[in-house]
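What follows is a single structure, written as structure tokens, with notes after it.
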Amino acid sequence: MAGPLPWQEAPWRRLMERKAAGRFPHALLIAGPAGIGKGAFVAALAGALLCEDSDGAACGRCAGCRQLAGGAHPDYSLWEPEEDAVTLKIHQIREMNQTIFLTRSRGPYKVCVVNPADAMTPAAADSLLKTLEEPPPLTVLLLVSHRTSQLSATIRSRCQVVRLAPCYGEPAIGWLGSQGMDTAAATSLLGITGGTPLRALALAGEGAMEEGGRVAAEVRDLCRGAADPATVAQRWCKAGLEVVLPWLQGAVQDAIRELFDPSGASLRGGTGEGGSGRLSLGHDLTLLFDIDSRLNRLGEALAKRHSLSPNSLAEQIAIPLYRAGDRSG
Ligand SMILES: [Zn+2]
């Protein structure tokens, strides 16, 4: 059943051509931002490699497909950090190597998925490197990572890198539409999530569109001097920073873009509801860049599950926005 997601067609086609020619790479590094669908792509690839009855996407009916769907395919293994661990340890990669060198039980391929590959400890990565240097025939290693810079250059150089690119327009908008999202919401959410449709879909489920309108209004009010930074920061924390932060980033980036391109041909078409696109931020570009990089750092802190207090949010973002406002006219 499962082929790739619609915006992944081009890399998928290239790989299927190589499979048809009997030249499928022995190791792929599937890269791309979180929320682009690397998991779905890898699942589709594993399905295609293990299907016994199809040249393209898995047929979903043959014995190989049924075993894979049932989680019991002898030629498929998934390696990820064990429960409560953040790293992939050497004993896991050693076990994987053993699995690889055991006789294949079904064919045509043996597939091992390492996800996320950047979670490997240095010792685990060394152990994997040996397998990458002398790969057994008809074995495919699928490494998954959205932080490929954290992988060693030797590992990267021994893999064929497949970069899943962000998608801001079709077919991501069409796919989000099939999930019940209207075009305007899809466009906005793809904008604030950096073109990652799965992240856009998740945010929509968290009431992100409504939040977008609210955040845009608050940023405008801050810049007009019509809102209290501490109160606004408090509300942001209460509403959930994982939803608020992308809208804030969008608003600030829009303002920066507007300064570079006053004709207003914003790439993303405004932030939030109600035509709130243009924000009356002042012309202090340095301050805007500063706020933007602070927002990035806050995003990274959030991703590492650090909590943020309303006070620090006020100090770092709301007060600078209040100061950035151009109230001269
Ligand atoms: Zn099949």
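Those letters in the sequence shown? Residues 66 to 394, by my numbering. Where is the CB? At the ideal position from N, CA and C, for every residue including glycine. Remember, it's a predicted structure, so these values are computed and weren't measured experimentally.
(message) Under DSSP, the beta strand (DSSP E) around Thr-248 begins and ends at which residues?
(response) For Thr-248, there is no enclosing beta strand (DSSP E); the enclosing alpha helix (DSSP H) has its first and last residue at 248-257.
(request) Buried or exposed for Lys-303, please, with buried defined as at least 16 other CB atoms from any protein chain shown within 10 angstroms of its CB. (result) Its Cβ having fewer than 16 others within 10 Å, Lys-303 is exposed.
(message) Less than 7 Å separating the Cβ of Gly-129 from some heavy atom of ligand 1?
(response) Taken from the Cβ of Gly-129, at least one heavy atom of ligand 1 lies inside 7 Å.
(request) Using 10 angstroms around the beta-carbon of Pro-311, count the other beta-carbons present and answer buried if the total reaches 16, otherwise exposed. (result) Pro-311 comes out buried.
(message) I'd like to know whether the C-beta atoms of Ile-382 and Ile-356 end up nearer to each other than 8 Å.
(response) Annotated as proximal: Ile-382 and Ile-356, with beta-carbon spacing under 8 Å.
(request) Note down the Cα distance separating Ala-282 from Val-297, rounded to an integer number of angstroms. (result) Distance between the alpha carbons of Ala-282 and Val-297 is about 11 Å.
(request) Kindly indicate which three-state DSSP category Ser-372 falls into: helix, strand or coil? (result) Looking at Ser-372 - three-state DSSP - the assignment turns out to be coil, as it is neither helix nor strand.
(request) Take Gly-259 and list the residues in its own chain whose beta-carbon comes closer than 7 Å to its own, dropping the five residues that flank it on each side. (result) Around Gly-259: Pro-98 and Pro-231.
(message) Please report the distance separating the alpha-carbon of Pro-187 from that of Met-161.
(response) Approximately 16 Å between the Cα atoms of the pair.
(message) Are the CB atoms of Gly-121 and Leu-70 within a distance shorter than 8 Å?
(response) In terms of Cβ geometry, Leu-70 and Gly-121 do not form a close pair [threshold 8 Å].
(request) Counting only the same chain and skipping the five closest in sequence on each side, list residues whose C-beta sits under 7 Å from that of Asp-286. (result) Spatial neighbours of Asp-286 in its own chain (CB-CB distance under 7 Å, excluding positions within 5 residues in sequence) are listed in chain order as Ala-292.
(message) Assuming Ser-210 is part of the beta strand (DSSP E), what are its boundary residues?
(response) First-last of the beta strand (DSSP E) with Ser-210: 204-210.
(message) Going by DSSP, what residue range makes up the beta strand (DSSP E) through Tyr-141?
(response) Where Tyr-141 is concerned, the enclosing beta strand (DSSP E) stretches over 141-144.
(request) Run the CB neighbour count on Ser-214, radius 10 Å, all protein chains shown included, and call it buried at 16 or more, exposed below. (result) That one is exposed.
(message) Could you check if Asp-6 belongs to the surroundings of ligand 1, using beta carbon to heavy atom distance under 7 Å?
(response) This structure cannot settle anything about residue 6, because the visible part of the chain is limited to 66 through 394.
(request) Measuring alpha carbon to alpha carbon, tell me which of His-91, Ala-92 and Phe-106 ends up nearest Arg-78. (result) Comparing Cα positions, the closest option is Phe-106.
(message) So, at 6 Å on beta carbons, what are the nonlocal neighbours of Lys-84 in its own chain, with the 5 sequence-adjacent residues on each side left out?
(response) Once the five neighbours on either side are set aside, Lys-84 has no close Cβ partner at all.
(message) On the DSSP bridge list, what partners appear for Val-179?
(response) Paired residue(s): Trp-144 and Leu-208.
(message) Tell me which residue opens and which closes the beta strand (DSSP E) that Leu-94 is part of.
(response) In this chain, the beta strand (DSSP E) harbouring Leu-94 covers 92-96.
(request) Indicate the three-state DSSP secondary structure (helix, strand or coil) for Gly-390 in the structure shown. (result) In the three-state scheme derived from DSSP, where H, G and I count as helix and E and B as strand, Gly-390 is classed as strand.
(request) Look up Gln-225 in the DSSP assignment and say whether it is helix, strand or coil. (result) In this structure, DSSP gives Gln-225 an extended state, which the three-state scheme calls strand.
(request) Please indicate yes or no: does the CB of Gly-256 lie closer than 7 Å to some heavy atom of ligand 1? (result) No heavy atom of ligand 1 is found nearer than 7 Å to the CB of Gly-256.
(request) Can you tell me the Cβ-Cβ gap for Leu-167 and His-91, rounded? I've got them flagged as a contact below 8 Å. (result) About 17 Å separates the two Cβ atoms, so there is no contact after all.
(request) Drop a sphere of 10 angstroms on the beta-carbon of Ser-253, count the other beta-carbons inside from all chains shown, and report buried for 16 or more, exposed for fewer. (result) Burial call: buried.
(message) Between Gln-318, Glu-323, Arg-322 and Gly-390, which has its C-alpha nearest Leu-360's C-alpha?
(response) A check of alpha carbon separations from Leu-360 across Gln-318, Glu-323, Arg-322 and Gly-390 identifies Gln-318 as the nearest.
(message) Looking at ligand 1, does it come within less than 7 Å of Gly-125, judged from the CB to the closest heavy atom?
(response) Using a cutoff of 7 Å, the CB of Gly-125 counts as near ligand 1, since one of the ligand's heavy atoms is closer than that.
(request) Compare the Cα-Cα distances from Ala-182 to each of Gln-132, Ile-158 and Gly-100 and report the closest residue. (result) Minimum Cα distance to Ala-182 is reached at Ile-158.
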